[in-house]
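Line by line, the protein sequences are chains A and B.
If you read the first sequence in the UniProt record's numbering, its first letter stands for residue 1, the second for the next number, and so on.
If you read the second sequence in the UniProt record's numbering, its first letter stands for residue 1, the second for the next number, and so on.
C-beta atoms are modelled at their ideal positions from N, C-alpha and C, and glycine is treated no differently.
Quantities reported herein were computed from a predicted structural model and do not represent experimental measurements.
A short worksheet on the structure shown next.
Number of protein chains: 2
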Amino acid sequence: MTAADVKVLFGRRVRQLRKAKGVSQEAFAHQIQIDRSYFGSIERGERNVSLENICLIAEGLGVAPAELLTFDTLRDPALGE
Amino acid sequence: MTAADVKVLFGRRVRQLRKAKGVSQEAFAHQIQIDRSYFGSIERGERNVSLENICLIAEGLGVAPAELLTFDTLRDPALGE
Chain A
1 MTAADVKVLF
11 GRRVRQLRKA
21 KGVSQEAFAH
31 QIQIDRSYFG
41 SIERGERNVS
51 LENICLIAEG
61 LGVAPAELLT
71 FDTLRDPALG
81 E
Chain B
1 MTAADVKVLF
11 GRRVRQLRKA
21 KGVSQEAFAH
31 QIQIDRSYFG
41 SIERGERNVS
51 LENICLIAEG
61 LGVAPAELLT
71 FDTLRDPALG
81 E
């Protein structure tokens with residue numbers, strides 16, 4: 001798994017879990033107090049997210065941090081908006 | 001889980017897995033081409049490690065990235081050297 005892959009996979013996993021909760025990007029960014037455009041770039045796989053933000057996002061989604069690094073449920077590589 | 005907790009838990013998990021492989025801190029840091037003292041500070045829970053380095057360490061340990069954020073096998077909070 002390359003460095004670029006992990007950022008993209010992480011972003012998709014966050015998006016997948018956020019959508020499953022039925023929360024918009026804007027509402028979720030506000031909920032966890034992260035800048036909305038920064039959060040959007042995380043979901044697009046553009047950010048090398050840190051441990052603390054991984055936990056912040058996991059807590060906001062109500063999942064364990066390890067869930068955000070579990071990529072096997074991401075079926076379609078083109079999964080997106 | 002606070003931000004400080006996650007850094008400490010992550011460091012302990014990395015140390016636990018590294019020791020299980022019987023590899024010294026120095027040898028492992030060299031193997032994954034991370035500065036030894038920086039790697040030592042990661043294991044001590046002093047670093048807000050990024051996604052890319054989480055994957056680099058996971059690959060070096062031969063585990064999935066999610067394994068490094070799975071903390072339930074850390075029995076003793078005072079687990080250390």
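**Message:** Rounding to the nearest angstrom, what Cα-Cα distance links B:A3 and B:I42 in this structure?
**Reply:** 14 Å
**Prompt:** Given B:R18, which residues of its chain have a CB within under 8 Å of its CB, disregarding the five upstream and five downstream residues?
**Reply:** Q25, F28, E43, L61
**Item:** Three-state class that DSSP yields for B:A78 in the structure shown
**Value:** Reliability fails at B:A78, whose pLDDT of 49 lies under 50, so the model's placement of it is uncertain and the value that follows must be treated cautiously. Note: B:A78 maps to coil in three-state DSSP.
**Request:** Express the C-alpha separation of A:G45 and B:L9 in angstroms, rounding to a whole number.
**Result:** 25 Å
**Prompt:** How about A:L68 and A:V14: are their beta carbons less than 9 Å apart?
**Reply:** yes
**Those residues which DSSP pairs with A:S50 across a bridge** = B:S50
**Asked** Going along chain A, which residues have a C-beta under 9 Å from B:L69?
**Response** The contacting residues are L51, I54, C55, A58, A64, P65, A66, E67, L68, L69.
**Prompt:** Is there a Cβ from chain B that is less than 9 Å from the Cβ of A:F39?
**Reply:** no
**Request:** Using a Cβ cut-off of 9 Å, pull out every chain B residue sitting near A:V6, in sequence order please.
**Result:** L51, E52, I54, C55, P65
**Asked** How about B:V6 and A:P65: are their beta carbons less than 9 Å apart?
**Response** yes
**Message:** Give me the chain A residues within the contact set of B:A27, using Cβ-Cβ distance strictly less than 9 Å, ordered along the chain.
**Reply:** What B:A27 touches in chain A: nothing, since even the nearest Cβ is about 23 Å away.
**Message:** Can you list, in chain order, the residues of its chain with a C-beta nearer than 7 Å to that of A:K21? Leave out the 5 residues immediately preceding and following it.
**Reply:** L61
**Item:** Presumed contact (8 Å Cβ cut-off) between A:L56 and A:Q16, rounded CB distance
**Value:** In fact, because the Cβ distance is near 18 Å, the residues do not count as touching under 8 Å.
**Request:** Pull up the distance between the alpha-carbon of B:D72 and that of B:M1, whole angstroms please.
**Result:** 13 Å
**Message:** What does the alpha-carbon distance come out to for the pair B:N48 and A:V23?
**Reply:** 27 Å
**Prompt:** Residue range of the alpha helix (DSSP H) that B:Q16 falls in?
**Reply:** Element bounds for B:Q16: 3-20.
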